[in-house]
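Residue numbers (my numbering): 422 to 817. In what follows, a structure is listed as structure tokens, so that the remarks can point back to it.
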Amino acid sequence: MKKHSKDYFHLFYSQLFANTGDLLTVVGLISVVYSMTSKTTAASMIPIIFTSGLFVSSFISNYIYQYFTQKQILWIFQGLKLVSLSIIASLLMFERSPIFIFILLFINALFDGFTNPIKNAMIPFIEKKEYITSANALMNMMSSMVQLSTWALGGFLMSLIGAKYLFLFALVLEILSYFFIIQLSERHIYNNEKENILNSFKTVLRHNYSNKLSLYLNLSIIFESVATSIWVAAIILTYTRTFLHVDDFWFGLINAAFFSGTIIAGLWMNDKDQFFTKISYPIIIYIPLILAFINASFILHQSVLLALLMSLLMGIFEDSRYISLNSVVQREVPKEALTSTYILNNLLSSIFFSLGTLGISLVVDNQGVMWAYVISGVAYVLTFILGLYFKIAIKN
């Protein structure tokens, strides 16, 4: 990371500790809430509540951004998140009703919804254009490594120290994240012209509609969110049990192969960032077609080893495109419109990933797991067609 700025270093490590803390928080909360209620439904409410909070925050984020700078948004709402997590920790220790935990979790998700678009849009403010691809590659690689390792780490720590103390450990990681956030330099002051909540959200839509790259990013995320919902644990587990007819042990390996692929993509693109910057156009346009074929391959055989290989390739190609597309957007979209781009991106991805997961789960239950991969493949083909329509905007 020598070629990157000091602010990128601070952003990177704040995200590392925050992402790890967030996942451990979910692991601990699911276990504690299930123990308190003995109901799977109560535990399953946690990701639903979190997604709902992100959804609501998307409508009011731009209104709030009018009154604060980027750094202020991060340290204020990350600080409030620490307060809410501390209260949740106290409630867990005294085993209070889960309803209070759910309310605070929703508020916590609101705070994340306010900070996430800022974090996503910050790289162009703190990095030179020629380093943006490398910066995104490193950030995505770190996120994938956290995803790959933290669920196993959470399970190990939970068996070692218990779910309540696991939550406290996650809180310590969030505090470390906050330490790096307050080290960030002040880079950008927002427009002094104030709008009401409705008009501020209309501004988000207007920024996205007027810029072809922003529009493409946020239309393609609709199809991609549906396509990637097949990587929900329940779908992969059903695939290994009912289609491959192998032990559940392979379910974990298939998931790990996918995230290993994303890590490989991050390492490769960081090392050869200038090369990948030059070929961003074909990566963005044509990789969805490759992903559609890889999806189809999952239901054309019953070899678990081939499924592992395809999962690895899926991770490599999926993440290569994600890094390339976001790097192009961050280089080319005007900085004053970039936060609006990611507000809408977070909104659409949360909605359509949830709808996609629900819809595909219903299809799997009623028609079989094969149809999940058919739907996912069709979604990638539609992404490819959309890319052909927008290719001039992407290429330029």
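C-beta: ideal position from N, C-alpha, C; glycine also.
field: Selected residue, minimal CA-CA separation from R742, among I642, A814, V567
entry: Locating residue 742 in the sequence shown gives position 321, counting from the first residue. Of the listed residues, the one whose Cα sits closest to R742 is I642.
message: Give me the residue from I781, E607, L581, L688 with the minimum Cα distance to I547.
response: In the sequence shown, the residue the question calls residue 547 occupies position 126. Out of I781, E607, L581, L688, E607 has the C-alpha closest to the C-alpha of I547.
message: Let's test the definition: count the other Cβ atoms within 10 Å of the Cβ of D740 and tell me whether it reaches 16, buried, or not, exposed.
response: Within the sequence shown, numbered from 1, the residue matching residue 740 stands at position 319. It is buried - the Cβ of D740 has at least 16 other Cβ atoms within 10 Å.
field: Whole-angstrom distance between A648 and W671, CA atom to CA atom
entry: Taking the first residue of the sequence shown as 1, we reach residue 671 at position 250. Taking the first residue of the sequence shown as 1, we reach residue 648 at position 227. W671 and A648: Cα-Cα distance of roughly 22 Å.
task: Measuring alpha carbon to alpha carbon, tell me which of L432, A530, F577 ends up nearest S452.
output: As a working note, residue 452 is residue 31 in the sequence shown. The candidate whose alpha carbon is nearest that of S452 is F577.
message: My output table needs one value for K623: the three-state DSSP class, helix, strand or coil.
response: Indexing the sequence shown from 1 puts residue 623 at position 202. DSSP places K623 within a helical segment (H, G or I) once states are collapsed to three.
query: Any idea if I524 is buried or exposed, counting beta-carbon neighbours within 10 angstroms, 16 or more meaning buried?
result: If you number the sequence shown from 1, residue 524 lands on position 103. Counting Cβ neighbours within 10 Å, I524 comes out exposed, since fewer than 16 surround it.
task: Write down every uninterrupted run of the alpha helix (DSSP H) in the segment 470–521 whose length is 4 residues or greater and which is fully enclosed by it, in chain order.
output: 491–514
task: Determine contact between the segment 685–699 and the segment 560–578, defined as no fewer than three beta-carbon pairs at a distance below 8 Å.
output: By the Cβ criterion, the segment 685–699 is in contact with the segment 560–578, since at least three pairs of Cβ atoms, one from each stretch, lie closer than 8 Å.
- prompt: Pick from Y488, S761, F805: whose alpha carbon is nearest that of I706?
  reply: Here residue 706 refers to the residue found at position 285 when the sequence shown is read from its first residue. Among Y488, S761, F805, the Cα nearest to that of I706 belongs to F805.
task: May I ask you to report which of helix, strand or coil DSSP gives E616?
output: Against the sequence shown, residue 616 aligns to sequence position 195. Here E616 sits in coil by DSSP.
Beta-carbon spacing of M543, L432 below 9 Å: Translated into positions along the sequence shown, residue 543 becomes position 122. Translated into positions along the sequence shown, residue 432 becomes position 11. Taking C-beta atoms as the reference points, M543 and L432 count as a pair closer than 9 Å.
message: Our contact map puts L445 next to L506 with C-beta atoms below 8 Å; I'd like the distance itself, whole angstroms only.
response: Translated into the one-based positions of the sequence shown, residue 445 becomes position 24. Translated into the one-based positions of the sequence shown, residue 506 becomes position 85. Not really, about 11 Å apart at Cβ, beyond 8 Å.
message: Taking 8 Å as the limit between beta carbons, can you name the residues of its chain near L658, skipping five residues before and five after?
response: In the sequence shown, residue 658 corresponds to position 237, counting from 1. The answer, listed in chain order, is D669, F672.
task: Pair every Cβ in the segment 595–603 with every Cβ in the segment 491–499, then say whether three or more of these pairs are closer than 8 Å.
output: Because the criterion of three Cβ pairs below 8 Å is met, the segment 595–603 and the segment 491–499 touch.
query: Would you report the Cα separation of I596 and L665, rounded to the nearest angstrom?
result: Position 175 of the sequence shown holds residue 596. Position 244 of the sequence shown holds residue 665. Taking the straight line from one Cα to the other gives about 43 Å.
task: To the nearest angstrom, report how far apart F774 and L803 are at their CA atoms.
output: Here residue 774 refers to the residue found at position 353 when the sequence shown is read from its first residue. Here residue 803 refers to the residue found at position 382 when the sequence shown is read from its first residue. Taking the straight line joining both Cα atoms gives about 16 Å.
field: Minimum C-alpha distance to S797 - residue among L712, L809, L501, Y763
entry: Locating residue 797 in the sequence shown gives position 376, counting from the first residue. It is L712.
message: According to DSSP, simplified to helix, strand and coil, what is F696?
response: Along the sequence shown, one-based indexing puts residue 696 at 275. Here F696 sits in helix by DSSP.
- prompt: Pick from V784, E551, I469, A530: whose alpha carbon is nearest that of S701?
  reply: To locate residue 701, count along the sequence shown from 1; it is residue 280. Answer by Cα proximity: E551.
- request: Using a Cβ cut-off of 9 Å (strictly closer), state whether F433 contacts chain C.
  value: Checking the listed chains, one finds no chain C in this structure; it contains a single protein chain.
task: Taking D533 as the reference, give the member of H425, A439, I522, L765 with the closest Cα.
output: One-based indexing of the sequence shown puts residue 533 at position 112. Nearest option by C-alpha distance: A439.
message: Which same chain residues end up closer than 7 Å to A556 when comparing Cβ atoms and leaving out the 5 residues on each side of it in sequence?
response: Residue 556 sits at position 135 when you count from the first residue of the sequence shown. Closer than 7 Å at Cβ, skipping near neighbours: H425, Y429, I544, E548.
query: For E551, which three-state DSSP category applies?
result: In the sequence shown, residue 551 corresponds to position 130, counting from 1. Three-state DSSP puts E551 in a helix.
Beta-carbon proximity check, L475 vs L768, cutoff 9 Å: Indexing the sequence shown from 1 puts residue 475 at position 54. Indexing the sequence shown from 1 puts residue 768 at position 347. Yes, these two residues count as a Cβ contact at 9 Å.
message: Beta-carbon within less than 6 Å of T683's beta-carbon, same chain only, minus the 5 sequence neighbours each way: which residues are those?
response: Here residue 683 is taken as the residue at index 262 of the sequence shown, counted from 1. Excluding positions up to five away in sequence, the list reads S565, G736, D740.
For I470 and A584, the rounded distance between their alpha carbons: As a first step, residue 584 must be located in the sequence shown, where it is residue number 163. As a first step, residue 470 must be located in the sequence shown, where it is residue number 49. Going by the C-alpha atoms only, they are around 20 Å apart.
- prompt: Shortest alpha-carbon distance to Y488 belongs to which of E616, I553, L503, V454?
  reply: Walking along the sequence shown from the start, residue 488 turns up at place 67. Answer by Cα proximity: E616.
field: 3 or more residues per run - each beta strand (DSSP E) lying fully within the segment 642–677
entry: As far as the segment 642–677 is concerned, it has no whole beta strand (DSSP E) run of at least 3 residues.
- request: Select from S681, H628, R752 the residue whose C-alpha is nearest the C-alpha of L569.
  value: Locating residue 569 in the sequence shown gives position 148, where the first residue counts as 1. For the residues S681, H628, R752, the minimum Cα distance to L569 belongs to S681.
query: Would L587 be called buried (16 or more neighbouring beta carbons within 10 Å of its own) or exposed?
result: Here residue 587 refers to the residue found at position 166 of the sequence shown. Buried.
- request: Please name the residue in I582, L636, V448, L437 whose C-alpha comes closest to that of I764.
  value: Position 343 of the sequence shown holds residue 764. The shortest Cα separation from I764 among I582, L636, V448, L437 belongs to L636.
field: Residue range of the alpha helix (DSSP H) that includes N747
entry: Here residue 747 corresponds to residue number 326 of the sequence shown, with the count starting at 1. First-last of the alpha helix (DSSP H) with N747: 725–753.
- request: Kindly give me the distance between the Cβ atoms of I656 and A793, rounded to whole angstroms, as I take these residues to be in contact under 8 Å.
  value: In the sequence shown, the residue the question calls residue 656 occupies position 235. In the sequence shown, the residue the question calls residue 793 occupies position 372. Sure, about 6 Å apart at Cβ, within 8 Å.
Nearest residue (CA-CA) to I481, options S621, A573, P468, I467: Counting from one through the sequence shown, the residue named residue 481 turns up at place 60. With distances taken between Cα atoms, I481 lies closest to S621.
query: Taking the Cβ atom as the reference point for each residue, do S631 and A758 lie within a distance shorter than 9 Å?
result: Stepping through the sequence shown from its first residue, residue 631 is reached at position 210. Stepping through the sequence shown from its first residue, residue 758 is reached at position 337. Yes. Within cutoff.
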